[in-house]
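Read through the structure below, which is laid out as structure tokens, and then see the notes.
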Amino acid sequence: MSAVLEVTDLVKTYPAARKSPAVEAVRGISFRVEAGELFGLLGPNGAGKSTTLGCITTLIRPTSGRIVVDGVDMARDPVAGKHRIAVVPQVRNLDRDLTVREVLTYHGRYFGLPAAERESRAGRLLEQMQLADRAQAKPLELSGGLQQRLLIARALMHDPKVLLLDEPTIGLDPQARRLLWETLLELHRQGLTQILTTHYMEEADRLCDRVAIIDHGRILTVDTPDALKASLPGGHLLDLDARSPSPLGPVLEGIAGVARVETAPDGNGDGYVRLRLFVEPGDGLLDRVLHAVRDARGDLRHISLQPPSLEDVYVHLTGKELRE
Amino acid sequence: MTAFLALLRRDLLVASRNAFPLLMATLTQPILVVLVFGNILPRLGLVADEFRTVMVPGLMSITMLMAGVQGVLMPLVTDLSGSREVDERLLAPLSVMAVAAEKIVAGAIHAALAGLIALPAMMLLMHQVAGVAVHPNWLALGPLVLLCGLLSAAFGMTLGARVQPRFSGLLFAVILGPMMLFGCAYYPYQALSVLGLFQYVFLLNPLVFMSEAMRVAVTPNVPHMSMALLLFGLVGCVLGFGWIGARTFERRTIL
Ligand SMILES: Nc1ncnc2c1ncn2[C@@H]1O[C@H](COP(=O)(O)OP(=O)(O)OP(=O)(O)O)[C@@H](O)[C@H]1O
Ligand SMILES: [Mg+2]
């Protein structure tokens, strides 16, 4: 496999402004995206996702590091590089003075497509994105979901090697979000390389071949969603709400099949605390846990066993819930 | 080059769709001034024909300045302050400097057209137009109007990229207003020799060169500054403001 995108030791420090100090938004990020991959950058607000994408697309000047798209060094030959990438930005930037169809045909003009190709491609993309009946509307008259699809159609006009999407489903209702997911998966099946940032766990889980979890400008880990989940000790999660005279953590940690116990900092004032057990489900495990609680003269209010989600991986790695 | 021309084409298309409001925005000022100083006051016998002759090229240059500044500065300020439509252009396959240059050329075309339309509009509104010594030198008019258009657009780019969006309202009061009053629009540069050395301070104002250029083009009989100084000033301002404007544009758009 060949890498379509290679980011090496990317650093971006926004210089200090009059009243604000310098911000180290990206502190040494490296990753490779293979041809045809749908790659996710997952992280909370301010993690540095948009900054990373901005550096890849030349809209942000990296402080240091190297970005190569399809063999082109973006810093050395930005014009050749821009032919190879397309962007669906976090802030929708549709040309409000053109019609929906013109948004596409003019984008084609910017990239030097001949007239016939421009028109046929615009027509096809309008169909594909279910925008054909709104072709003469102005972009701002479209709903958020349709605007988002128009942005994708525009990005596809010049047949990019890599499509970069910055939080593409933010602000969409569940139905529009699902439709957009379908669109991205369809493009994935057609072999388009895509990089997507998101802070929705479910989105990263469902769509991405591989996910990089990013926080404070660093990549914490990169892998397939399944491998990330499997990387949790034990592989499953057992959550308890329990109360007892003495701390339950050390007791539970000794049970066969329990790989690790995390105790939430505080209960909710009524004496109960939340315990998260990383467990390998097996014969008698639940029994052993219940016994241990009873032996410690504890009381169990709630118990649930679940396969881990990406969110659990995230919380485990960063020690905090996603700041949404 | 393809991308440059495509962007220019887009800007001209959008401008032609908004032709009426754009013209209103730039022509209102000269038309109102001509109504008062070219029509009403002469009827009252309060304004001499000489002043009206001097005023015509001056108002053309003011019109062009306003058109250039409005055509470049306004979209730039909104772009930089949030809508980021400019990003699509920055992602088109051309250099950032070329994107800036395209904005200047589009603004220049807008300004040049506004100046050319202002001339007949003003002559139509003048009272007893026979007394006004306007004799356009058609050969000089074309290139000079283009240079003036480029100057206004480049100046608009410099302002638009430099000024913080929240201060853009102040621009007219603090920068453009004084520029117009001290821009030799209502008096010829040569006549300022009565001020002694102080005359040269006026050369800091780019509008002076535009007003004098229009004087050369439409009222060649009125004394004007030497062609050498005029061309030096025009070309120098176009290059200077163009460069500063484009560099500032690059700094503001590429973080
Ligand atoms: N132009 C800028 N100047 C200074 N600091 C900035 C600038 N843009 C972003 N930052 C800071 O850099 C950090 C990373 O921001 P970035 O926009 O890359 O995060 P993000 O992961 O995209 O978050 P979000 O989910 O909110 O979009 C944040 O702390 C942010 O405040
Ligand atoms: Mg972001």
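Just so you know, the protein sequences line up as chains A and B, in that order. Going by the working numbering, the letters in the first sequence line up with residues 10 to 333, in that order. Going by the working numbering, the letters in the second sequence line up with residues 1080 to 1334, in that order. Even glycine gets a Cβ: it sits at the ideal position worked out from N, Cα and C.
Per DSSP, what are the beta-bridge partners of residue i in this structure?
i: A/D224; result: A/R227
i: A/Y115; result: In the DSSP output, where bridge partners are listed per residue, A/Y115 has none listed.
i: A/T272; result: A/L284
i: A/D106; result: DSSP, once it has assigned bridges, lists no residue as partnering A/D106.
i: A/L51; result: A/T207 and A/I222
i: A/Y23; result: A/V32
i: A/S73; result: A/V20
i: A/A96; result: A small fix is needed here, since residue 96 of chain A is Val in this sequence, not Ala. For A/V96, which the question treats as bridged, DSSP gives the partners A/L173.
i: A/R252; result: A/D308
i: A/L247; result: A/L286 and A/L314
i: B/L1237; result: The sequence shown places Thr at residue 1237 of chain B, not Leu. None, per the DSSP bridge assignment.
i: A/E43; result: A/A12
i: A/T202; result: A/V171
Using 8 Å for Cβ pairs, my map puts residue i next to residue j. What's the rounded Cβ distance?
i: A/L7; j: A/L159; result: Residue 7 of chain A falls outside the range modelled here, since chain A spans only 10 to 333, and no answer is possible.
i: B/V1297; j: B/P1121; result: In fact, because the Cβ distance is near 19 Å, the residues do not count as touching under 8 Å.
i: A/L314; j: A/P290; result: 7 Å
i: A/Y115; j: A/L107; result: 6 Å
i: A/A144; j: A/V109; result: 5 Å
i: B/V1113; j: B/L1138; result: 7 Å
i: A/R420; j: A/G226; result: No answer is possible for residue 420 of chain A: the residues shown for chain A start at 10 and end at 333.
i: A/A3; j: A/L284; result: Look at the range of chain A in this structure, 10 to 333, and you will see that residue 3 of chain A is not part of it.
i: A/V322; j: A/F40; result: The Cβ separation is near 17 Å, so there is no contact.
i: B/M1134; j: B/F1116; result: 6 Å
i: B/G1304; j: B/L1223; result: The question names Gly, but residue 1304 of chain B is Met in the sequence shown. In fact, because the Cβ distance is near 13 Å, the residues do not count as touching under 8 Å.
i: B/P1244; j: B/V1156; result: 5 Å
i: A/A131; j: A/L113; result: 4 Å
i: A/N54; j: A/H208; result: 7 Å
i: B/I1183; j: B/G1321; result: 6 Å
i: B/L1238; j: B/L1250; result: 6 Å
Is the beta carbon of residue i sitting closer than 7 Å to the one on residue j?
i: B/P1109; j: B/M1205; result: no
i: B/G1262; j: B/M1143; result: no
i: A/L319; j: A/V288; result: no
i: A/T60; j: A/A34; result: yes
i: B/G1324; j: B/M1259; result: no
i: B/H1189; j: B/A1094; result: yes
i: A/L149; j: A/L172; result: no
i: B/V1287; j: B/A1232; result: no
i: A/P98; j: A/L19; result: no
i: B/T1332; j: B/L1169; result: yes
i: A/A95; j: A/P169; result: yes
i: A/T337; j: A/G258; result: No answer is possible for residue 337 of chain A: the residues shown for chain A start at 10 and end at 333.
i: A/P242; j: A/A268; result: yes
i: A/L51; j: A/V220; result: yes
i: B/G1186; j: B/G1147; result: yes
i: A/M138; j: A/A164; result: no
i: B/E1181; j: B/L1087; result: yes
i: B/A1177; j: B/F1083; result: yes
i: B/S1140; j: B/M1289; result: yes
i: B/E1164; j: A/N102; result: yes
i: A/S253; j: A/G307; result: yes
i: B/N1300; j: B/A1209; result: no
i: B/L1225; j: B/A1193; result: no
i: A/V270; j: A/L295; result: no
i: A/E15; j: A/V81; result: no
i: A/H92; j: B/P1172; result: yes
i: A/K238; j: A/P317; result: yes
i: A/G49; j: A/L205; result: yes
i: B/Q1269; j: B/P1302; result: yes
Got a sec: is the Cβ-Cβ distance from residue i to anything in chain D below 7 Å?
i: A/L51; result: Of the protein chains in the structure, A and B, none is chain D.
Residues of the stretch 50-69 of chain A with a CB closer than 9 Å to any CB of chain B: list them in chain order, please. T60, G63, T66, T67, L68 and I69
In the stretch 110-130 of chain A, which residues sit with their C-beta less than 7 Å from some C-beta in chain B, listed in chain order? Y115, R118, Y119, F120 and G121
Which residues are close to ligand 2, meaning CB closer than 7 Å to any heavy atom, in chain order? A/K58, A/S59, A/Q99, A/D175, A/E176 and A/T206
Chain A contacts from the stretch 1099-1116 of chain B (Cβ-Cβ distance under 9 Å): none
Short of 7 Å Cβ to Cβ, which residues in the stretch 1148-1174 of chain B face chain A? S1162, R1163, E1164, D1166, E1167, L1169, L1170, A1171, P1172, L1173 and S1174
Between the stretch 1183-1206 of chain B and chain A, which residues of the former have CB atoms less than 7 Å from a CB of the latter, in chain order? none
Closer than 8 Å between beta carbons: that is the criterion. Which residues of the stretch 1308-1329 of chain B meet it against chain A? none
At a Cβ cut of 8 Å, what residues of the stretch 1240-1253 of chain B count as close to chain A, listed as they run along the chain? none
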